[in-house]
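Mind the numbering: the sequence shown is residues -20 to -1, 1 to 278 in mature numbering (1 follows the signal peptide of the UniProt record, and there is no 0), read in order. Note that CB positions come from ideal geometry on N, CA and C, so glycine has one too. Since the structure is predicted, the reported quantities are computational estimates derived from the model, not experimental observations.
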Amino acid sequence: MNSKQFLIHLISILLSIAFAAKATIAVESQPISLPGCPGHCGVVEVPYPFGITQDCSLPVSSKFYLNCTQSSLFLNSSNIQITNITLDGELSIKTFIGRACYAKNGVGEANRPWLSLANYKVSSDRNKFTVVGCNTFGGIEGYRGKTQYNTGCVSTCDDMDFDSFTSNNQSCSGVGCCQIPIPNGIRNITVYVDRYIKDRPFGNDSKPCSYAFVVEQGKFKFSKNSFKELNGTEKLPLVLNWKIGNESCDEAKKRDNFACKGNATCVGANDSPGYLCQCLPGYEGNPYHPDGCQGDGS
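Here is the structure:
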């Protein structure tokens, strides 16, 4: 390589570094929250349209006004903790596990956790309804619009096959664990669980409790240790869907409070009225923020 070729090569490298640095600065400078508003609660990012004061959240609905207490983020006026928010319509929370525990004489106690969220729906793509137990039935109730929805699954096992089966199998196939999908658009859910043989111990250690829960896919893997692990677990992660309003994009665009800002487009929700926003091709950032979508459109 002669000196001229070396100089051209060096200039090319420097230009590449400069463009990369410019792109990095642009991404880092993209606004998350409105001016003067906190963009985080503890380690959780709080992007607009959400906010932890009323002035910092989208005013079209109270669901965007969140509560930050001792660096933990909660849905407003609730004890439901938020662990993540995405701008494509997902919000991750922690929710209680349903359980039923019995002594050898069949006497026991059970709970029925419920999640009443009129403004959010449980994601059918990101969650599964799961039951863990021996000779156990678990169910989930909820609403799709005004229609009540109710389904469940059965998990069986006995002394002979449980340990041998679970030692080589981590799937919820009906032995010790069953799992089913949930429908689009379900909200206000209640989970319940019961054992239809209440006075029978299982295995050398006995498994007195059965469990039912809706959990984010990939966050629970069944094994022979699941009974012990769930006994010490109070909550598991679940993903909710959020959207703007209850109108179609065409209807929402006519209103002064239309949420999609510059260089952003409106995207209709799949399961019901309402919409989301996304940056146009060649732009990236927060499509709900007045200065959110940045780029050159290329």
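DSSP, read as helix, strand or coil, puts Q10 in coil. The count of Cβ pairs closer than 8 Å, one atom from the segment 222 to 237 and one from the segment 45 to 55, stays below three, leaving the stretches out of contact. Around the beta carbon of N130, fewer than 16 other beta carbons lie within 10 angstroms, which makes this residue exposed. One Cα belongs to R79, the other to I32, and the distance between them is close to 33 Å. Secondary structure note for N211: its alpha helix (DSSP H) is the uninterrupted segment S206 to N211.
For S72, the three-state secondary structure derived from DSSP is strand. One thing to note: V24 has its Cβ no nearer than 8 Å to the Cβ of P18. Here S190 has A80, G113, T116, V173 and R175 as same chain residues with Cβ atoms under 6 Å from its own Cβ, once five neighbours each way along the sequence are excluded. DSSP places S37 outside both helix and strand once states are collapsed to three, so it counts as coil.
The three-state reading of DSSP puts C229 in helix, counting H, G and I together.
Looking at the DSSP output, C81 shares a beta bridge with E89 and C189. Close CB contacts of V247 within its chain, under the 8 Å cut and outside five residues either way in sequence, are with C229, Y255, L256, C257 and Q258 (chain order). Between V40 and L220, the CB-CB gap reaches or exceeds 8 Å. Annotation: L218 to G198 spans about 11 Å, alpha carbon to alpha carbon. Around the CB of P15, fewer than 16 other CB atoms lie within 10 Å, so the residue is classed as exposed.
Take F193, set aside five residues on each side of it, and the residues of its chain with a beta-carbon closer than 7 Å to its own are I77, G78, T110, V171 and L216, in chain order.
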